[in-house]
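**Student:** Questions regarding the structure given below will be posed in turn.
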Amino acid sequence: MDDSLRAGIAIYNAGAYRAAHGAWESTWLTLENGSDDERFLHGLIQFTAAVHHVHDGNDSGAVGLARSAQRYLDGLDDDYRSVSLGGVRSYLARLEADSGADAESNGGADGDRDAIREDPPELRFDGRVVTYDDLDFEAVVVAAETLAEELDEYDETVVSDAVEYARKEVEDGTQTQFTAMVFDFVQNETQRGLVFQRMKEHVRRKRRRKDDVAGLFD
(Lines of atoms letter the chains of each structure in order from A; the text may use other names.)
(Lines give C-alpha, C1' and ligand atoms only; values in the text may rest on other atoms or scores of the structure.)
Protein backbone atom coordinates (compact mmCIF):
# COMPACT_ATOMS: atom_id res chain seq x y z
CA MET A 1 0.00 0.00 0.00
CA ASP A 2 2.90 2.40 0.66
CA ASP A 3 3.59 3.21 -3.01
CA SER A 4 -0.01 4.19 -3.75
CA LEU A 5 -0.30 5.94 -0.40
CA ARG A 6 2.80 8.09 -0.97
CA ALA A 7 1.82 8.81 -4.57
CA GLY A 8 -1.64 10.03 -3.57
CA ILE A 9 -0.19 12.16 -0.78
CA ALA A 10 2.27 13.80 -3.19
CA ILE A 11 -0.51 14.48 -5.70
CA TYR A 12 -2.63 16.05 -2.97
CA ASN A 13 0.26 18.15 -1.64
CA ALA A 14 0.82 19.45 -5.17
CA GLY A 15 -2.73 20.85 -5.09
CA ALA A 16 -4.38 18.26 -7.35
CA TYR A 17 -6.96 17.50 -4.67
CA ARG A 18 -9.51 15.75 -6.88
CA ALA A 19 -6.89 13.60 -8.61
CA ALA A 20 -5.33 12.30 -5.39
CA HIS A 21 -8.08 9.75 -4.77
CA GLY A 22 -7.15 7.93 -7.97
CA ALA A 23 -3.91 6.71 -6.43
CA TRP A 24 -5.78 5.07 -3.55
CA GLU A 25 -9.01 3.86 -5.11
CA SER A 26 -7.84 0.58 -6.66
CA THR A 27 -6.26 -0.51 -3.37
CA TRP A 28 -9.27 0.63 -1.34
CA LEU A 29 -11.69 -1.40 -3.48
CA THR A 30 -9.80 -4.63 -2.68
CA LEU A 31 -9.99 -4.18 1.10
CA GLU A 32 -12.46 -5.81 3.46
CA ASN A 33 -15.35 -3.45 4.12
CA GLY A 34 -15.08 -1.92 7.58
CA SER A 35 -11.47 -2.98 8.17
CA ASP A 36 -9.06 -0.39 9.54
CA ASP A 37 -7.25 -0.07 6.21
CA GLU A 38 -10.53 0.26 4.31
CA ARG A 39 -11.81 2.97 6.66
CA PHE A 40 -8.45 4.73 6.51
CA LEU A 41 -8.38 4.97 2.71
CA HIS A 42 -12.11 5.70 2.55
CA GLY A 43 -11.60 8.57 4.99
CA LEU A 44 -8.63 9.97 3.05
CA ILE A 45 -10.55 9.75 -0.23
CA GLN A 46 -13.48 11.64 1.28
CA PHE A 47 -11.13 14.17 2.90
CA THR A 48 -9.47 15.02 -0.42
CA ALA A 49 -12.89 15.23 -2.07
CA ALA A 50 -14.02 17.64 0.66
CA VAL A 51 -10.98 19.86 0.06
CA HIS A 52 -11.72 19.80 -3.68
CA HIS A 53 -15.35 20.83 -3.11
CA VAL A 54 -14.32 23.65 -0.77
CA HIS A 55 -12.01 25.03 -3.45
CA ASP A 56 -14.79 24.72 -6.03
CA GLY A 57 -17.23 26.58 -3.78
CA ASN A 58 -19.49 23.55 -3.22
CA ASP A 59 -19.78 24.10 0.52
CA SER A 60 -22.72 21.76 1.15
CA GLY A 61 -20.98 18.89 -0.63
CA ALA A 62 -17.77 19.59 1.27
CA VAL A 63 -19.51 19.56 4.65
CA GLY A 64 -21.27 16.26 3.95
CA LEU A 65 -17.95 14.68 3.01
CA ALA A 66 -16.27 16.18 6.08
CA ARG A 67 -18.82 14.51 8.34
CA SER A 68 -18.51 11.09 6.72
CA ALA A 69 -14.70 11.30 6.50
CA GLN A 70 -14.53 11.92 10.25
CA ARG A 71 -16.65 8.83 10.87
CA TYR A 72 -14.38 6.65 8.72
CA LEU A 73 -11.22 7.93 10.45
CA ASP A 74 -12.69 7.71 13.94
CA GLY A 75 -10.75 5.35 16.21
CA LEU A 76 -7.65 5.12 14.01
CA ASP A 77 -4.27 6.09 15.47
CA ASP A 78 -3.10 9.62 14.72
CA ASP A 79 -0.15 8.14 12.82
CA TYR A 80 -2.01 5.27 11.18
CA ARG A 81 0.04 3.77 8.33
CA SER A 82 2.62 6.50 9.11
CA VAL A 83 0.21 9.21 7.90
CA SER A 84 -0.33 12.14 10.28
CA LEU A 85 -4.10 12.29 10.75
CA GLY A 86 -4.21 15.01 13.41
CA GLY A 87 -4.25 17.87 10.92
CA VAL A 88 -6.75 16.05 8.73
CA ARG A 89 -9.16 15.59 11.63
CA SER A 90 -8.78 19.22 12.74
CA TYR A 91 -9.51 20.49 9.24
CA LEU A 92 -12.58 18.28 8.86
CA ALA A 93 -13.89 19.41 12.24
CA ARG A 94 -13.34 23.07 11.31
CA LEU A 95 -15.17 22.56 8.05
CA GLU A 96 -18.16 20.99 9.78
CA ALA A 97 -18.16 23.61 12.57
CA ASP A 98 -18.05 26.43 10.02
CA SER A 99 -21.24 25.05 8.48
CA GLY A 100 -22.96 25.04 11.86
CA ALA A 101 -21.91 28.61 12.56
CA ASP A 102 -23.13 29.68 9.13
CA ALA A 103 -26.55 28.19 9.82
CA GLU A 104 -26.89 30.24 13.03
CA SER A 105 -25.41 33.49 11.80
CA ASN A 106 -23.65 34.74 8.72
CA GLY A 107 -21.45 37.05 10.75
CA GLY A 108 -17.85 36.08 10.08
CA ALA A 109 -18.84 32.89 8.28
CA ASP A 110 -17.51 34.04 4.92
CA GLY A 111 -14.14 34.89 6.47
CA ASP A 112 -13.95 31.52 8.21
CA ARG A 113 -14.78 29.74 4.98
CA ASP A 114 -12.14 31.70 3.10
CA ALA A 115 -9.56 30.71 5.72
CA ILE A 116 -10.51 27.05 5.36
CA ARG A 117 -10.38 27.31 1.58
CA GLU A 118 -6.94 28.90 1.62
CA ASP A 119 -5.44 26.68 4.30
CA PRO A 120 -5.99 22.94 3.70
CA PRO A 121 -3.50 20.89 5.71
CA GLU A 122 -0.49 19.32 4.08
CA LEU A 123 -0.37 15.54 4.31
CA ARG A 124 2.63 14.02 6.05
CA PHE A 125 4.08 10.52 5.78
CA ASP A 126 6.62 9.50 8.42
CA GLY A 127 6.48 13.09 9.65
CA ARG A 128 7.47 14.57 6.28
CA VAL A 129 5.46 16.54 3.76
CA VAL A 130 5.75 14.23 0.75
CA THR A 131 6.32 15.84 -2.65
CA TYR A 132 6.84 14.37 -6.11
CA ASP A 133 10.61 14.61 -5.60
CA ASP A 134 10.36 12.17 -2.67
CA LEU A 135 8.84 9.33 -4.71
CA ASP A 136 10.78 6.27 -5.80
CA PHE A 137 10.15 4.50 -9.10
CA GLU A 138 7.11 2.44 -8.08
CA ALA A 139 5.41 5.40 -6.42
CA VAL A 140 6.20 7.61 -9.43
CA VAL A 141 4.55 5.00 -11.65
CA VAL A 142 1.38 5.19 -9.55
CA ALA A 143 1.48 8.98 -9.67
CA ALA A 144 2.05 9.08 -13.44
CA GLU A 145 -0.78 6.68 -14.20
CA THR A 146 -3.09 8.51 -11.79
CA LEU A 147 -2.36 11.94 -13.26
CA ALA A 148 -2.90 10.62 -16.78
CA GLU A 149 -6.23 9.10 -15.79
CA GLU A 150 -7.55 11.97 -13.68
CA LEU A 151 -6.38 14.97 -15.74
CA ASP A 152 -8.23 15.41 -19.01
CA GLU A 153 -5.35 16.66 -21.13
CA TYR A 154 -3.34 13.42 -21.16
CA ASP A 155 -3.72 10.09 -22.96
CA GLU A 156 -3.64 7.21 -20.46
CA THR A 157 -2.45 4.71 -23.08
CA VAL A 158 0.64 6.77 -23.87
CA VAL A 159 1.64 7.00 -20.22
CA SER A 160 0.85 3.31 -19.66
CA ASP A 161 3.13 2.31 -22.54
CA ALA A 162 5.87 4.66 -21.33
CA VAL A 163 5.64 3.01 -17.90
CA GLU A 164 5.91 -0.43 -19.51
CA TYR A 165 9.05 0.60 -21.40
CA ALA A 166 10.47 2.23 -18.26
CA ARG A 167 9.95 -0.98 -16.29
CA LYS A 168 11.91 -2.87 -18.92
CA GLU A 169 14.73 -0.33 -18.60
CA VAL A 170 14.77 -0.77 -14.83
CA GLU A 171 14.80 -4.57 -15.16
CA ASP A 172 17.69 -4.35 -17.62
CA GLY A 173 19.57 -1.93 -15.39
CA THR A 174 19.67 0.83 -17.99
CA GLN A 175 17.16 3.33 -16.54
CA THR A 176 17.54 5.79 -19.37
CA GLN A 177 15.05 7.33 -21.76
CA PHE A 178 11.57 6.24 -20.67
CA THR A 179 12.41 6.06 -16.98
CA ALA A 180 13.58 9.68 -17.07
CA MET A 181 10.46 10.75 -18.96
CA VAL A 182 8.09 9.07 -16.49
CA PHE A 183 9.84 10.82 -13.59
CA ASP A 184 9.82 14.11 -15.49
CA PHE A 185 6.12 13.79 -16.31
CA VAL A 186 5.34 13.58 -12.60
CA GLN A 187 7.92 15.95 -11.16
CA ASN A 188 8.08 18.73 -13.76
CA GLU A 189 4.66 20.26 -13.11
CA THR A 190 5.22 23.52 -14.98
CA GLN A 191 6.38 21.72 -18.15
CA ARG A 192 4.21 18.60 -17.86
CA GLY A 193 2.41 19.29 -21.13
CA LEU A 194 5.69 19.54 -23.04
CA VAL A 195 7.04 16.45 -21.29
CA PHE A 196 3.92 14.55 -22.32
CA GLN A 197 4.30 15.61 -25.96
CA ARG A 198 7.90 14.37 -25.94
CA MET A 199 6.79 11.14 -24.26
CA LYS A 200 4.03 10.69 -26.83
CA GLU A 201 6.48 10.99 -29.72
CA HIS A 202 8.96 8.52 -28.20
CA VAL A 203 6.16 6.05 -27.44
CA ARG A 204 4.92 6.36 -31.02
CA ARG A 205 8.39 5.56 -32.35
CA LYS A 206 8.80 2.64 -29.96
CA ARG A 207 5.41 1.21 -30.94
CA ARG A 208 6.28 1.55 -34.63
CA ARG A 209 9.60 -0.26 -34.18
CA LYS A 210 7.86 -3.08 -32.31
CA ASP A 211 5.24 -3.34 -35.06
CA ASP A 212 7.94 -3.39 -37.75
CA VAL A 213 9.77 -6.24 -36.01
CA ALA A 214 6.54 -8.18 -35.50
CA GLY A 215 5.72 -7.73 -39.18
CA LEU A 216 8.89 -9.58 -40.19
CA PHE A 217 7.42 -12.80 -38.84
CA ASP A 218 3.89 -12.47 -40.25
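Just so you know, full-length UniProt numbering puts 142 at position 142 of the sequence shown, and the rest follows in order with no gaps. Heads up, the beta-carbon is just placed ideally off N, CA and C, and yes, glycines get one too. A quick note: this is a predicted structure, and the numbers were derived from the prediction, not measured.
So, does the segment 146-154 touch the segment 77-91, judging by three or more C-beta pairs under 8 Å?
**Tutor:** As far as the Cβ criterion goes, the segment 146-154 does not touch the segment 77-91, which means the pair count is below three.
**Student:** Go ahead and pull the three-state DSSP assignment for VAL130.
**Tutor:** Here residue 130 corresponds to residue number 130 of the sequence shown, with the count starting at 1. Three-state result, VAL130: coil.
**Student:** Run through the segment 16-81 for me and flag every whole alpha helix (DSSP H) of 4 or more residues, listed as ranges in chain order.
**Tutor:** As far as the segment 16-81 is concerned, its whole alpha helix (DSSP H) runs of at least 4 residues are 17-29, 36-56 and 59-73.
**Student:** Using only CA atoms, which one of VAL163, ARG94 and SER84 lies nearest to ARG67?
**Tutor:** For the purposes of this step, residue 67 is taken as residue 67 along the sequence shown, with counting starting at 1. For ARG67, the nearest C-alpha among the options comes from ARG94.
**Student:** Would you call the CB atoms of ARG6 and PHE178 closer than 8 Å?
**Tutor:** Taking the first residue of the sequence shown as 1, we reach residue 6 at position 6. Taking the first residue of the sequence shown as 1, we reach residue 178 at position 178. No. Outside cutoff.
**Student:** Buried or exposed for ASN13, please, with buried defined as at least 16 other CB atoms from any protein chain shown within 10 angstroms of its CB.
**Tutor:** Mapped onto the sequence shown, residue 13 falls at position 13. It is buried - the Cβ of ASN13 has at least 16 other Cβ atoms within 10 Å.
**Student:** What are the boundary residues of the alpha helix (DSSP H) that includes ASP184?
**Tutor:** Here residue 184 corresponds to residue number 184 of the sequence shown, with the count starting at 1. Per DSSP, ASP184 belongs to the alpha helix (DSSP H) from 177-187.
**Student:** Alpha carbon to alpha carbon, how far is SER60 from ALA103? Give it in angstroms, no decimals.
**Tutor:** For the purposes of this step, residue 103 is taken as the residue at position 103 of the sequence shown. For the purposes of this step, residue 60 is taken as the residue at position 60 of the sequence shown. The pLDDT assigned to ALA103 is 45, lower than 50, so where the model puts this residue is not dependable, and the model offers no usable value.
**Student:** Apart from the five residues just before and just after THR27, which ones in its own chain have a Cβ nearer than 6 Å to its Cβ?
**Tutor:** As a working mapping, residue 27 is identified with position 27 in the sequence shown. So the qualifying residues of the chain are MET1 and SER4.
**Student:** Report the rounded CA-to-CA distance for ASP36 versus THR157, giving the unit in angstroms.
**Tutor:** Position 36 of the sequence shown, counted from the start, is the residue given in the question as residue 36. Position 157 of the sequence shown, counted from the start, is the residue given in the question as residue 157. The straight-line gap from Cα to Cα measures roughly 34 Å.
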